[in-house]
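Printed below as a string of structure tokens:
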């Protein structure tokens, strides 16, 4: 039986890189004997509609673009899989600037053709997701300094792409002070001040920041990273180590695991997969083996 693939593409992803790569991607899929349908989205709302429709029809839903497209894809496919449809599976073809979910699941985050080949020759496997505020998250829930940086980066008109984040980080660093958290970690309450509390399903966010380098999206657990209060200059020195994961050895860093985390605190705003989720209180729960997806 020929495998059916619906490819939903954001042509503007990666400053038009998705549009440039589309002929090669489509050719590789068709040469692999797959029954391919291509859908082009003009905006986020249309992408959501196209992806939801594709998932409802079962088969392989391939999304090509950046992290926003991947977030839409994992939500639609996980919803369809939860309804009992075991034919549906997500395939991710990175063509954006961040590609954190691809990176966190071990896919070639800069190699769209290599990711395409996984659809031709591979099989989907199940990975965990995180459920927050009625949505599913593949990467990280950000609620502190990281969330403030995300919000500031989204407000920047220039530059586009991943360069927004270093600029937003330096701007936020000038005005940021520790935040008050009220946490409940697997039923245990805990109040603390922190620079950030990140709840992770996979290892990275923000274009490659290794906020939870040991996170495993198949272990049925969420990984918490807490950065306790430090001065601005010390935090500035830590920032380069966030991209390698080496920051975790610093005494200000605490790491935990849990299956459910409640987060609240004055003025806290949450982002998941780079998307605004809203103000706290929020509860993050692990959803084990919730997403069938093509990975190496």
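Numbering (the UniProt record's numbering), first residue to last: 1 to 296.
Ideal Cβ placement from N, Cα and C applies to all residues, glycine included.
DSSP state of residue i mapped onto helix, strand, coil
i: residue 8; result: strand
i: residue 63; result: strand
i: residue 69; result: helix
i: residue 210; result: coil
i: residue 297; result: No information on residue 297 is available, as it lies outside the stretch 1 to 296 that the chain covers here.
i: residue 105; result: coil
i: residue 192; result: strand
i: residue 125; result: strand
i: residue 34; result: coil
i: residue 1; result: Because residue 1 sits at a pLDDT of 49, beneath the cut-off of 50, its placement in the model cannot be relied upon, and the following sentence gives the value as read from the coordinates. If DSSP states are grouped into helix, strand and coil, residue 1 belongs with coil.
i: residue 18; result: helix
i: residue 88; result: coil
i: residue 250; result: coil
i: residue 26; result: helix
i: residue 114; result: helix
i: residue 81; result: helix
i: residue 215; result: coil
For residue j and residue i, believed in contact at Cβ under 8 Å, the rounded distance
i: residue 7; j: residue 38; result: 5 Å
i: residue 85; j: residue 58; result: 5 Å
i: residue 143; j: residue 239; result: Rounded, the Cβ-Cβ distance is 18 Å, inconsistent with contact.
i: residue 287; j: residue 148; result: Contact flag wrong, Cβ pair sits at about 27 Å.
i: residue 248; j: residue 255; result: 6 Å
i: residue 294; j: residue 119; result: 6 Å
i: residue 90; j: residue 74; result: 6 Å
Nearest to residue i (by Cα), restricted to the options the options
i: residue 42; options: 33, 9, 296; result: 9
i: residue 112; options: 243, 17, 5, 232; result: 17
i: residue 4; options: 204, 45, 88, 143; result: 88
i: residue 109; options: 188, 66, 31, 265; result: 66
i: residue 95; options: 27, 21, 117; result: 21
i: residue 63; options: 40, 81, 82; result: 40
i: residue 296; options: 92, 33, 47, 26; result: 92
i: residue 206; options: 77, 45, 83, 103; result: 103
i: residue 177; options: 231, 200, 35, 158; result: 231
i: residue 139; options: 221, 120, 233, 241; result: 221
i: residue 290; options: 31, 114, 201, 183; result: 201
i: residue 275; options: 260, 182, 133, 292; result: 133
i: residue 76; options: 283, 137, 180; result: 137
i: residue 26; options: 204, 117, 233; result: 117
i: residue 283; options: 266, 229, 184; result: 184
i: residue 124; options: 190, 78, 251, 31; result: 78
Bridge partners - residue i, DSSP secondary structure assignment
i: residue 223; result: 200, 257
i: residue 98; result: DSSP lists no partner for residue 98.
i: residue 39; result: 8
i: residue 140; result: 200
i: residue 205; result: 209
i: residue 93; result: 64
i: residue 272; result: 141, 275
The alpha helix (DSSP H) enclosing residue i, as first and last residue numbers
i: residue 145; result: 145-155
i: residue 52; result: 44-56
i: residue 169; result: 164-173
N- and C-terminal bounds of the beta strand (DSSP E) containing residue i
i: residue 266; result: Neither: residue 266 is in no beta strand (DSSP E) and is coded neither H nor E.
i: residue 234; result: Counting along the chain, residue 234 falls outside any beta strand (DSSP E), though it belongs to the alpha helix (DSSP H) covering 232-242.
i: residue 288; result: 282-294
i: residue 180; result: 179-185
Test: residue i CB closer than 9 Å to a CB of chain C
i: residue 140; result: This model lacks chain C altogether; it includes just one protein chain.
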